[in-house]
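Asker: Next up is a structure, given as structure tokens.
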Amino acid sequence: MVKKPSKKRLIDRQEFWGFLFICPWLIGFLIFTVGPMISSLVLSLYKYDLANAKFVGFENYRRLCTEDPLFWKSLKNTALYALLTVPLGIFGSLLVALLLNQPVKGVRLFRTLFYLPSMVPAVASALVWQWVFNADNGILNQALAFIGLPNIEWLQNEKFTLYAFVIMSLWGIGGQRMIIFLAGLQGIPESYYEAARLDGAGTLAQFRHITLPCLSPVMFFNLVLGLVGAFQVFTSAYIMTSGGPNNASLFYSLYIFRNGFEYFKLGKASAMAWILFAILLGFTLIQFALSKKWVHYEGEAK
Amino acid sequence: MKRIPTYILLILGSITFSIPFIWTISTALKSSSEYAKEPSRLIPAHPDFSNFAKAWTALPFPTFVWNTIFVTVICTIAQVVTGSLVAYGFSRFTFKWRNFLFFTMLATMMLPGQVTQIPVFLVWRKLHAIDTFFPLIVPAFFGGGAFNIFLLRQFFLSIPRELDEAAMLDGAGFVRIWWRILMPLSGPAVASVALFSFLSHWDAFEAPLIYLNSPEKYTVSIGLRMFQDSYGTNFEQVMAASLVHILPTILLFFVCQRYFLKGITLSGMGGK
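Line by line, the protein sequences give chains A and B. Number 264 in numbering that gives the first Met the number 0 belongs to position 265 of the first sequence; there are no gaps in the numbering. Number 106 in numbering that gives the first Met the number 0 belongs to position 107 of the second sequence; there are no gaps in the numbering.
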């Protein structure tokens with residue numbers, strides 16, 4: 000038997016094994032992502048309640064936009080929530096990361112303390128915060144009383160409820176986003192700072208001309224995923240307020256859930272999901288386009 | 000001397016972040032009568048552990064805990080194993096469309112879960128799998144999420160290829176290289192992925208809420224919600240029950256902590 004040239008065989012083997020190894024993801028992607036996405040797009044053109052299906056074209060979309068005030072309310076709530084929590088979260092976690100990147104004794108203990116809230120399961124955290132916001136004897140109102148401010152009915156007064164959720168989101172600024180910033184900070188070579196100091200750059204100048212540009216890819220990552228995350232806030236609102244009072248904390252995902260799994264308006268819920276997808280895709284593309292102006296990749300060529 | 004402001008900020012920050020925790024523990028240790036009298040007292044005058052016992056027996060909590068452990072452990076193992084296999088494929092092999100597929104995978108991180116939720120639910124319903132653990136467990140066997148795969152791939156890329164080649168000369172196959180070389184050398188990344196994966200399943204709320212109907216199948220998250228419905232006004236008991244839910248994640252975090260930050264830092268999140 001004559002063997003073929005081994006180079007060619009090695010490449011074939013590479014092709015085969017490489018594909019084989021990524022198969023779990025590829026198959027899962029087809030079954031759990033591509034297939035359902037297409038079905039949900041089709042479903043959004045139907046009126047479907049688990050028993051009867053009727054093709055209605057774009058009726059679901061039209062009715063959402065023109066006849067459903069709760070759709071707009073949930074969109075507005077969610078947009079406001081995202082507008083407040085995404086920038087606050089990014090700057091907050093950047094500040095915490097800068098602080099935890101200082102070479103001080105016991106910094107690992109502090110990292111742990113700041114990270115711990117992110118280890119608290121969402122349901123437990125919602126229950127804890129429900130009680131932090133308790134109007135009669137929650138600790139937030141006690142702290143307010145301590146400095147002489149009146150009690151606030153955080154979760155009962157519709158004017159404050161959304162802000163209560165924003166405050167609660169700040170508890171997570173020491174979490175995964177901060178760790179990603181910290182990893183980015185530790186990836187900046189010390190030699191950059193040394194060179195800058197030789198040129199007489201102060202702390203602020205170093206931050207502005209070295210730290211920020213070097214962190215910009217990480218910042219971009221956090222911005223894109225932060226927005227996606229903020230638009231999907233669900234568990235806390237489901238547990239703490241069920242969307243109330245007067246739908247002040249009815250977030251978009253909660254309204255999709257209600258339509259889909261409580262009212263079984265599966266076509267309408269699918270249409271809502273696709274609108275959400277379109278919004279997020281739009282924002283992501285805008286961010287990618289803008290990123291060319293402010294995100295610096297090392298070596299640029301990559 | 001220069002460090003003093005840093006310390007002050009660090010200490011103030013940690014206190015602020017810990018307050019909800021500390022108060023949770025303190026409330027859980029108060030008896031109902033003490034809570035009614037002095038809800039704001041930080042250290043309970045008479046620490047009382049009966050709330051834990053009450054929470055534990057009021058609902059079938061042991062069943063909830065067991066269900067959650069069952070689902071979480073299977074999913075974590077499945078995610079680590081399949082995720083690292085996929086990461087191995089993406090980091091060590093060249094094949095057609097590799098880069099395209101890799102970027103597609105990263106792009107799925109931006110996809111809101113709601114887009115696929117309903118059709119997936121309808122399929123499980125067709126398969127008569129509602130109120131079973133299958134819908135919660137099966138998806139974990141398919142690579143376990145883009146972020147985890149990305150983290151592992153970055154870590155694998157930092158391991159010199161010469162090690163693979165040396166092993167190959169010794170007659171090791173690809174699977175052996177993955178299991179005997181890459182995995183043991185990737186402790187920090189594997190620990191981070193395991194931790195994320197454990198937390199995400201221990202924590203899962205929406206999926207169990209959609210798929211589980213009968214109380215004997217409930218996970219702790221859903222059980223806690225039920226507990227809140229029936230005992231919502233007994234804050235001290237709700238807090239005790241919440242602590243039962245929180246404790247395992249905190250313990251696991253302390254066990255993995257040594258590797259955890261390293262796993263992400265070395266994966267070069269900043270470089271990409």
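Each residue gets a CB set at the ideal place from its N, CA and C atoms; glycine is no exception. As the structure is a computational prediction, the values presented were derived from the model and not from experiment.
So for Phe48/B, helix, strand or coil by DSSP?
Answerer: Phe48/B falls in the coil class under three-state DSSP.
Asker: 7 Å is my cut-off, CB to CB: does Asn136/A come that close to chain B?
Answerer: Asn136/A counts as touching chain B.
Asker: Using DSSP with H/G/I as helix, E/B as strand and the rest coil, what is Phe92/B?
Answerer: Coil at Phe92/B, not helix or strand.
Asker: Out of Phe94/B, Asp130/B, Gly88/B, state which residue places its alpha-carbon closest to the alpha-carbon of Trp178/B.
Answerer: The option with the nearest alpha carbon to Trp178/B is Gly88/B.
Asker: Mind pulling the alpha helix (DSSP H) runs of 4 or more residues that sit fully within the segment 152-221 of chain B?
Answerer: Counting only runs of 4 or more, we get 160-168, 173-176, 186-202, 205-210.
Asker: Identify each residue in the segment 242-256 of chain A for which the Cβ-Cβ distance to at least one residue of chain B is less than 8 Å, and report them in chain order.
Answerer: Cβ contacts with chain B come from Ser252, Ile255, Phe256.
Asker: Grab the span of the beta strand (DSSP E) containing Tyr45/A for me, first residue to last.
Answerer: Start and end: 45-47.
Asker: Please list, in chain order, all residues of the same chain as Tyr230/B whose beta carbon is under 7 Å from its beta carbon, the five residues on each side excluded.
Answerer: Ala57, Gln236, Val237, listed in sequence order.
Asker: Three or more C-beta pairs closer than 8 Å, one from the segment 223-232 of chain A and one from the segment 183-203 of chain A: is that the case here?
Answerer: With a cut-off of 8 Å, the segment 183-203 of chain A and the segment 223-232 of chain A do not count as touching, because too few Cβ pairs lie within range.
Asker: Any idea if Asp169/B is buried or exposed, counting beta-carbon neighbours within 10 angstroms, 16 or more meaning buried?
Answerer: The residue is exposed, with fewer than 16 neighbouring Cβ atoms inside 10 Å.
Asker: Glu205/B versus chain D: which residues are under 9 Å apart at the beta carbon?
Answerer: You won't find chain D in this structure, because its protein chains are A and B.
Asker: To the nearest angstrom, how far is the alpha carbon of Leu211/B from that of Phe204/B?
Answerer: When rounded, the distance between both Cα atoms is 11 Å.
Asker: Please compile the residues from chain B whose C-beta is within a distance smaller than 9 Å of the C-beta of Gly147/A.
Answerer: Residues of chain B passing the Cβ test: none, with the nearest at roughly 16 Å.
Asker: Where Phe259/B and Ala190/B are concerned, what is the direct C-alpha to C-alpha distance, given to the nearest angstrom?
Answerer: The alpha-carbon atoms of Phe259/B and Ala190/B are separated by roughly 6 Å.
Asker: Are the beta-carbon atoms of Val95/A and Gly174/A separated by less than 7 Å?
Answerer: No, these two residues do not count as a Cβ contact at 7 Å.
Asker: With which residues is Ala52/A paired in a DSSP beta bridge?
Answerer: Paired residues: Tyr47/A.
Asker: Can you name the residues of chain A whose CB is closer than 9 Å to the CB of Val114/B?
Answerer: Within 9 Å Cβ-Cβ: Thr32, Pro35, Met36, Ser39, Leu40, Ser269, Ala272, Trp273, Leu275, Phe276.
Asker: Name, please, each residue of chain B whose Cβ falls closer than 8 Å to the Cβ of Phe287/A.
Answerer: Going along chain B, no residue has its Cβ under 8 Å from Phe287/A, so there is no contact; the nearest lies around 10 Å.
Asker: Let me know the secondary structure DSSP gives Ser39/B once reduced to three states.
Answerer: Of the three classes helix, strand and coil, the one that applies to Ser39/B here is coil, per DSSP.
Asker: If you measure from the beta carbon of Gln205/A to each beta carbon in chain B, is any gap under 7 Å?
Answerer: Answer no: the Cβ-Cβ gap between Gln205/A and chain B never drops below 7 Å.
Asker: Would you kindly work out how many angstroms separate the C-alpha atoms of Thr75/B and Gly186/B, rounded to a whole number?
Answerer: Going by the C-alpha atoms only, they are around 15 Å apart.
Asker: If contact is defined by three or more beta carbon pairs under 8 Å, each pair taking one atom from either stretch, is the segment 28-46 of chain A in contact with the segment 111-120 of chain B?
Answerer: Touching, per the Cβ criterion.
Asker: Once you ignore the five residues that flank Lys29/B on each side, which residues in its own chain have a CB closer than 6 Å to its CB?
Answerer: Same-chain partners within the cutoff: Pro43, Glu235.
Asker: Along chain B, which residues have their Cβ under 7 Å away from the Cβ of Ile21/A?
Answerer: Chain B residues near Ile21/A: Val85, Gly88, Phe89, Leu100.
Asker: Measuring alpha carbon to alpha carbon, tell me which of Val106/A, Leu265/A, Ile30/A ends up nearest Leu8/B.
Answerer: Selected option, being the one with the closest Cα: Val106/A.
Asker: In whole angstroms, give me the CA-to-CA distance for Met239/A and Leu154/A.
Answerer: Near 8 Å, if we compare the C-alpha coordinates of Leu154/A and Met239/A.
Asker: Suppose the cutoff is 7 Å on Cβ atoms and the five residues either side in sequence are ignored; what does the same chain contact list for Leu223/B look like?
Answerer: So the list reads Ala240, Ser241, His244, once near-sequence residues are dropped.
Asker: Rounded to whole angstroms, what is the Cα-Cα separation between Phe146/B and Ile178/A?
Answerer: Between Phe146/B and Ile178/A, the C-alpha separation is close to 14 Å.
Asker: Please return the same chain residues whose Cβ sits closer than 7 Å to the Cβ of Ile18/B, not counting the five positions on each side in sequence.
Answerer: No residues qualify anywhere along the chain.
Asker: Taking three-plus beta-carbon pairs below 8 Å as touching, is the segment 77-92 of chain B in contact with the segment 14-23 of chain A?
Answerer: Touching, per the Cβ criterion.
Asker: Looking at the C-beta of Leu112/A, does it have a partner C-beta in chain B at a distance below 7 Å?
Answerer: It does; some Cβ of chain B falls within 7 Å.
Asker: Name the two residues that bound the continuous alpha helix (DSSP H) containing Lys125/B.
Answerer: Lys125/B -> alpha helix (DSSP H) spans 113-125.
Asker: Between the beta-carbon of Met109/B and the beta-carbon of Thr77/A, is there less than 7 Å?
Answerer: No.
Asker: Below 7 Å between beta carbons: does that hold for Met167/A and Trp128/A?
Answerer: Going by C-beta atoms, Met167/A is nearer than 7 Å to Trp128/A.
Asker: Go ahead and pull the three-state DSSP assignment for Leu110/B.
Answerer: Leu110/B falls in the coil class under three-state DSSP.
Asker: Can you pull the chain A neighbours of Leu198/B, defined as C-beta to C-beta under 7 Å?
Answerer: Correct list: Met118.
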